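Q: Take this structure, written in structure tokens, and hold onto it; I'll ask about it next.
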Amino acid sequence: MNSIESRVKAQQQRLWLWMISTALIIVVIAGYKFYTHGLPYLAEEIADTIPASVYTAVDESTLESLDDSEFEPSQLSEAKQQELRTLFSSLLNKDSTSERQFKLEFRSWGGKANAMALADGTIVITDAMVNLTSAQEELSAVLLHELGHVEHNHVMESIVSSSIVFAGLTLILGDVSALADVILQGAVVGINQSYSRQAELEADKYASDQLVALYGNARAMQSVLTKLSEEYPNEMSWLSTHPSFEDRIQQIESK
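UniProt numbering puts the last residue of the sequence shown at 255; the count rises by one with no breaks.
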């Protein structure tokens, strides 16, 4: 009798272990599917409903945070800055349906050649990037890539994704009082976190298409990526968040 009871208990334990393992696998798969498919879709839908005033506020707070922690004033001459702002204005898509407040800002970032787009259309380009990409076509390529992020609303979608993840973790951990800080944290992390491969390739495609329309080819984009890969051989990107230079160059070559 005891032998039968022991076997029954052993079978029950194996059954419970199997059920728990199966449940954990399902949770992991569901979480992965949500993160890779559901979250981007949800972030896109939410980002499209956010008022313009929020975009402006996010831009201002993010730039202020970066100015306090990372950036230094630009050393470019006023004449050079005005020249680049004129170029920037000429690159804006007059047929765009975006309501963003496009603006070009100049900063120094410890000698780093970099450029980034903020949520409401502010593009920040560093002195080192300007010096590295001195030709007008190359500067156009850099600016158009960042404008591509704005046109596709990548930055706000990234901020929303970060905020959803932060909020979810906060609720799971039970620290509801921290929810008030979630959006601001998401804004900063959204800029610095890894852009998705799809977002980067979309921005490259936008820039390449515009370059072809302006100059007849997209060689300037390839030139910029080649220079960056030579300048920063151990870096994958302008912010160490993009796909590899090689992958991006190959995509442009395939056009």
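Quick reminder that beta carbons are idealized off the backbone N, C-alpha and C, glycines included. Note that the coordinates shown come from a computational prediction; the quantities given were computed from them, not determined experimentally.
Going by DSSP in three states, lysine 227 sits in which element: helix, strand or coil?
A: Along the sequence shown, one-based indexing puts residue 227 at 227. Lysine 227: helix per DSSP, three-state reduction.
Q: Taking the straight line between their C-alpha atoms, what separation do you get for asparagine 192 and valine 212?
A: By 1-based counting over the sequence shown, the position of residue 192 is 192. By 1-based counting over the sequence shown, the position of residue 212 is 212. Annotation note: pLDDT 44 at asparagine 192 (below 50); position unreliable, no value reported.
Q: Who are the near neighbours of valine 224 in its chain, counting only those whose CB is closer than 7 Å to its CB and skipping five residues on each side?
A: The count along the sequence shown starts at 1 and reaches residue 224 at position 224. Within its own chain, the residues whose Cβ lies closer than 7 Å to the Cβ of valine 224, once the five positions on either side in sequence are excluded, are Thr133, Glu138, Ala141, Val142, listed in chain order.
Q: Identify the residues that DSSP records as bridge partners of methionine 116: which are they?
A: Within the sequence shown, residue 116 is the residue found at index 116, counting from 1. Partner(s): Val124.
Q: For methionine 19 and aspartate 209, I'd like the C-alpha separation in whole angstroms.
A: As a first step, residue 19 is located in the sequence shown; it is residue number 19 there, counting from the start. As a first step, residue 209 is located in the sequence shown; it is residue number 209 there, counting from the start. C-alpha separation (whole angstroms): 52 Å.
Q: Hey, could you find the ends of the alpha helix (DSSP H) leucine 92 is sitting in?
A: Within the sequence shown, residue 92 is the residue found at index 92, counting from 1. From DSSP, leucine 92 is part of no alpha helix (DSSP H); its letter is neither H nor E.
Q: Would you list, in sequence order, the uninterrupted alpha helix (DSSP H) runs of no fewer than 4 residues that lie entirely inside the region 141 to 169?
A: Counting only runs that start and end inside the region 141 to 169, there is no alpha helix (DSSP H) element of at least 4 residues.
Q: Here's the rule: buried if 16 or more other CB atoms are within 10 angstroms of the residue's CB, otherwise exposed. What is leucine 91?
A: Working through the sequence shown from its first residue, we reach residue 91 at position 91. Burial call: buried.
Q: CB alanine 79 to CB glutamate 157, shorter than 8 Å?
A: Position 79 of the sequence shown, counting from 1, holds the residue named residue 79. Position 157 of the sequence shown, counting from 1, holds the residue named residue 157. When the beta-carbon positions are compared, alanine 79 and glutamate 157 stay at least 8 Å from each other.
Q: State buried or exposed for glutamate 69, treating a residue as buried only when at least 16 other CB atoms are found within 10 Å of its CB.
A: As a working note, residue 69 is residue 69 in the sequence shown. Correcting the residue type first, residue 69 is serine in the shown sequence and not glutamate. Answer is exposed; the Cβ neighbour count stays below 16.
Q: Helix, strand or coil, according to DSSP, for arginine 248 in the structure here?
A: Translated into the one-based positions of the sequence shown, residue 248 becomes position 248. Of the three classes helix, strand and coil, the one that applies to arginine 248 here is helix, per DSSP.
Q: Just checking my contact of isoleucine 123 with leucine 147 at CB under 8 Å: how many whole Å lie between their CB atoms?
A: Position 123 of the sequence shown, counting from 1, holds the residue named residue 123. Position 147 of the sequence shown, counting from 1, holds the residue named residue 147. Contact flag correct, Cβ pair sits at about 7 Å.
Q: For serine 108 and leucine 118, what's the separation of their Cα atoms in angstroms?
A: Sequence index remark: in the sequence shown, residue 108 carries index 108 (1-based). Sequence index remark: in the sequence shown, residue 118 carries index 118 (1-based). Approximately 17 Å, taken between the alpha carbons.
Q: Is leucine 15 helix, strand or coil by DSSP?
A: Here residue 15 is taken as the residue at index 15 of the sequence shown, counted from 1. Here leucine 15 sits in helix by DSSP.
Q: With a CB to CB cut of under 7 Å and the five nearest residues on each side skipped, what residues in its chain are close to aspartate 59?
A: Here the question's residue 59 lines up with position 59 in the sequence shown. The residues are Leu118, Ala119, Asp120, Thr122.
Q: Please confirm whether any heavy atom of the ligand SAH lies closer than 7 Å to the CB of glutamine 250.
A: The ligand content of the structure shown is nil, which means the ligand SAH is not present either.
Q: Which residues does DSSP list as the beta-bridge partners of residue 258?
A: Residue 258 cannot be examined here, being either before or after the span of the chain that is shown, 1 to 255.
Q: From which residue to which residue does the alpha helix (DSSP H) around serine 208 run?
A: Locating residue 208 in the sequence shown gives position 208, counting from the first residue. Its alpha helix (DSSP H) spans residues 197 to 215.
Q: Can you grab the Cα-Cα spacing for the pair leucine 17 / isoleucine 25, in whole Å?
A: For the purposes of this step, residue 17 is taken as the residue at position 17 of the sequence shown. For the purposes of this step, residue 25 is taken as the residue at position 25 of the sequence shown. Rounded to whole angstroms, leucine 17 and isoleucine 25 show a C-alpha spacing of 12 Å.
Q: Classify alanine 218: buried if its beta carbon has 16 or more other beta carbons within 10 angstroms, exposed otherwise.
A: Numbered from 1 along the sequence shown, position 218 holds the residue referred to as residue 218. Buried: at least 16 other Cβ atoms inside 10 Å.
Q: Taking the CB atoms as reference points, tell me whether phenylalanine 102 and isoleucine 125 lie closer together than 8 Å.
A: If you number the sequence shown from 1, residue 102 lands on position 102. If you number the sequence shown from 1, residue 125 lands on position 125. No; because the gap between Cβ atoms is not below 8 Å, this pair is not in contact.
Q: Determine the direct distance from the alpha carbon of glutamate 230 to that of histidine 145, and round the result to whole angstroms.
A: Taking the first residue of the sequence shown as position 1, residue 145 is located at position 145. Taking the first residue of the sequence shown as position 1, residue 230 is located at position 230. Between histidine 145 and glutamate 230, the C-alpha separation is close to 19 Å.
Q: Taking the alpha carbon of tyrosine 232 as the reference point, which residue from Ala135, Ala47, Lys112 has its own alpha carbon closest?
A: Translated into positions along the sequence shown, residue 232 becomes position 232. Nearest C-alpha to tyrosine 232: Lys112.
Q: Taking 8 Å as the threshold (C-beta atoms), are asparagine 153 and alanine 47 in contact?
A: Here residue 47 refers to the residue found at position 47 when the sequence shown is read from its first residue. Here residue 153 refers to the residue found at position 153 when the sequence shown is read from its first residue. Closer than 8 Å, so yes.
Q: In the DSSP assignment, what residue or residues form a beta bridge with lysine 103?
A: For the purposes of this step, residue 103 is taken as the residue at position 103 of the sequence shown. For lysine 103, the pairing in a beta bridge is given by DSSP as Thr122.
Q: With a CB to CB cut of under 6 Å and the five nearest residues on each side skipped, what residues in its chain are close to arginine 100?
A: Within the sequence shown, numbered from 1, the residue matching residue 100 stands at position 100. So the list reads Asp120, Gly121, Val150, once near-sequence residues are dropped.
Q: According to DSSP, is glutamate 41 part of a helix, a strand, or is it coil?
A: Along the sequence shown, one-based indexing puts residue 41 at 41. Per the sequence shown, the amino acid found at residue 41 is tyrosine instead of glutamate. Note: tyrosine 41 maps to helix in three-state DSSP.
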